[in-house]
Amino acid sequence: MAHVPRSPAGSARVPGAVACGARRGPGAKTHGAMSVKTTLIGLAGGTGAGKSTIVRALVDRFGGCAIDLDSYYLDRSALPPEERSRVNYDQPAAFDDALLVEHLERLIAGAAVPKPLYSFETHTRIGVETLAPARLVIVEGLFTLWWESLRSLLAVKVFVDAPPDVRLVRRIRRDVAERHRTTEQVLQQYVSSVRPMHERYVEPTRAHADLIITNDGPIEDTVERAISALRGRMADGSAIATAGR
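Residue numbers for the sequence shown, in my numbering: 29 to 273.
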């Protein structure tokens, strides 16, 4: 397992990291199969590690498609609102991993997929976003390396790390700005579930990584280190070199 030295930075989670020439809407339809050879890269790591920021930078530079695990939270619309707030969302069981794997397999086969749109305010799915196949597809989330069924599809498995205090600060900034939570709510969730679930489920997946990226510096440095390391792991860097062309 290679270790990418102290790289980067990270800012709060960047919304919109998932984009692939998508059509949005409750009734969006998929397109027919396309002749595209898809390479999958997976990024895992703790909350606030900077996964989404790194992925956004990679996609901005090379094109391709980014898929965030958060979109595959199970739909809680059948639960009353008060019960939804008591669900533990920081464990693998909170996700529809079977649907994610199915969608990735369809992308590999050259078919478009209807990726769910998930609301963190209501904990429900509010529509779909149709993603077309791409040469490079990057999957990112807390538990990307947890399920063997998902790991087996990945050409390269990456674990993004950052100091716990840095990750917590990023988490607070993100949830207050993007998910309309108070600082007190974020801290309460962090202590009660985020931190213990990280230790139980996220940290152990480091062992499955081909690359470990430490994200505690400028994001530009992190991205450059990530690109260099990924090119070294993939067939002459061809998927990265040709993505988006």
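We put the beta carbon where it would ideally sit given N, CA and C, even for glycine.
- Gly-70 and Lys-185 do touch by the CB rule: their CB atoms are close to 5 Å apart, below 8 Å.
- Listed in chain order, the non-local C-beta contacts of Arg-199 below 8 Å within the same chain comprise Thr-75, Gly-76, Val-214, Tyr-218, Val-222, local neighbours out to five positions each way being set aside.
- Glu-133 sits in a helix when the DSSP states are folded into three classes.
- The beta carbon of Thr-172 sits closer than 7 Å to the beta carbons of Gly-70, Leu-71, Ala-72, Leu-97, Leu-178 from its chain, once the five residues preceding and following it are set aside; these are given in chain order.
- With respect to the 8 Å criterion, Thr-66 and Leu-135 are classified as neighbours on the basis of their beta carbons.
- Nearest in C-alpha terms to His-208, of all of Glu-176, Ile-247, Glu-149, is Glu-149.
- Scanning the stretch 185-236 for uninterrupted alpha helix (DSSP H) segments of 4 residues or longer gives 192-206, 211-217, listed from N- to C-terminal end.
- Secondary structure note for Gly-70: it is in no alpha helix (DSSP H), and the uninterrupted beta strand (DSSP E) holding it is 67-73.
- In the three-state reduction of the DSSP assignment, Ser-256 falls in the helix class.
- In this chain, the alpha helix (DSSP H) harbouring Val-83 covers 79-90.
- Counting only residues of its own chain and dropping the five nearest sequence neighbours on each side, Arg-234 has a CB closer than 7 Å to the CB of Phe-187, Ile-240.
- As the crow flies, the alpha-carbon of Leu-181 is around 13 Å from that of His-236.
- In terms of Cα proximity to His-226, the closest of Ser-113, Ala-94, Asp-118, Gly-155 is Asp-118.
- In this chain, the alpha helix (DSSP H) harbouring Ser-177 covers 176-179.
- Rounded to whole angstroms, the Cβ separation of Ala-122 and Val-115 is 7 Å, and the two are in contact under 8 Å.
- For Arg-112, the enclosing alpha helix (DSSP H) begins and ends at 109-112.
- When DSSP states are grouped into helix, strand and coil, Ala-94 belongs to the strand group.
- Annotation for Ser-147: the continuous beta strand (DSSP E) segment containing it runs 141-147.
- Looking at the backbone, the Cα of Pro-161 and that of Ala-137 are separated by about 8 Å.
- Thr-152 carries a strand assignment under DSSP once its states are collapsed to helix, strand and coil.
- Boundaries of the beta strand (DSSP E) harbouring Thr-242: 239-242, taken from the DSSP string.
- Thr-158 sits in a strand when the DSSP states are folded into three classes.
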